[in-house]
Amino acid sequence: MDFISSIIMGIIEGLTEFLPVSSTGHMILTAHLLGLSEDNESVKTFEVVVQLGAVLAVVVLYWNKFIDMFRFTGGKRPYSRRLNLGHIILAMVPAVVIGLLFRDWIKAHLFGPETVLYSLVIGGILMIVAERWSHKSSRITTHDVDDITYKQAFAVGMFQILALWPGFSRSGSTISGGLFAGISRVAAAEFTFLVSVPIMIGATGYDLYKSIGHLNSDDFVIFAIGFIAAFIVAMLAIKTFLSILKRLSLTVFAIYRFILAAIFFVILMM
């Protein structure tokens, strides 16, 4: 990798990690266009590092929310009546269990440009179906992230399993799951951001631990540049995304996924 590739990959990660368009899919496809081998251990480790940059953006933006979740007393509501660690754990468990059981199979069979194209399309269809299902106002009962119930949190967690397929998108699957569970788009998106922190830190931390032996001192500057780019862009992307969700539906992002899949299908066939 070089400095330009590092900046481009960092920007792509920060821009897409929390949008329902699949950051993993974009990273795989971008690496393909830049001529970077997905089999190269240095490239794989770089992708892990820039993900941590995006995670840091969520921690900074939602710092007070995380502090509140660890505060068992005080606050405007009792611990059991507000968003807390119980909600986060319930949303994490399904994907963590399936991810641990099938991690090697997923790495071997679902990581690649072709499989990403399929998941982009299927994920887009799910988002459109979720939007149409939620159009009846009576189906959306939760408009604030602090009002999410334990049952809704677990439902979102079940949909997060779909995000183990690269290209499906964690936010796309969980926000869709949130809509099916009666949570508004904005509240579901914020919940997705919060849940992503422990999951991504755990997953990327494990991958980084396994890949650390493939790094050398020459990689540090390039990795640092990508990390910073992902952090800055993710901060801007999260704020912009929440603003967009107040006005537009997930269908817009689904259409983008279809167009992206078509473009890259043509590119891969060339």
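First residue of the sequence shown? That's 1 in the UniProt record's numbering, and the numbers climb one at a time after it.
The beta carbon of each residue, even a glycine, is placed where N, CA and C say it ideally should be.
Going by beta carbons, residue 234 and residue 99 fall outside the 9 Å limit. In the structure shown, residue 140 adopts coil according to DSSP, grouped into three states.
When DSSP states are grouped into helix, strand and coil, residue 8 belongs to the helix group.
Secondary structure note for residue 161: it is in no alpha helix (DSSP H), with a DSSP letter that is neither H nor E.
Residue 196 is positioned such that its CB atom lies closer than 9 Å to that of residue 58. Following the DSSP letters along the chain, one finds residue 181 in no alpha helix (DSSP H), marked with neither H nor E. Of 246, 23, 83 and 216, the smallest CA-CA separation from residue 65 is found for 83. In chain order, 83, 87, 91, 145, 148, 153, 156, 174, 178 and 183 place their CB closer than 8 Å to the CB of residue 191, counting only its own chain and leaving out the 5 sequence neighbours on each side. In the three-state reduction of the DSSP assignment, residue 2 falls in the coil class, being assigned neither a helical nor a strand state. Taking every protein chain shown into account, the CB of residue 136 has fewer than 16 other CB atoms within 10 angstroms, so this residue is exposed. In this structure, residue 36 lies away from residue 267, with their beta-carbon atoms at least 9 Å apart.
Note on residue 63: under 16 other CB atoms within 10 angstroms of its CB, so exposed under the neighbour-count rule. For residue 256, the enclosing alpha helix (DSSP H) begins and ends at 250-269. Per DSSP, residue 83 lies in no alpha helix (DSSP H) segment and is marked neither H nor E.
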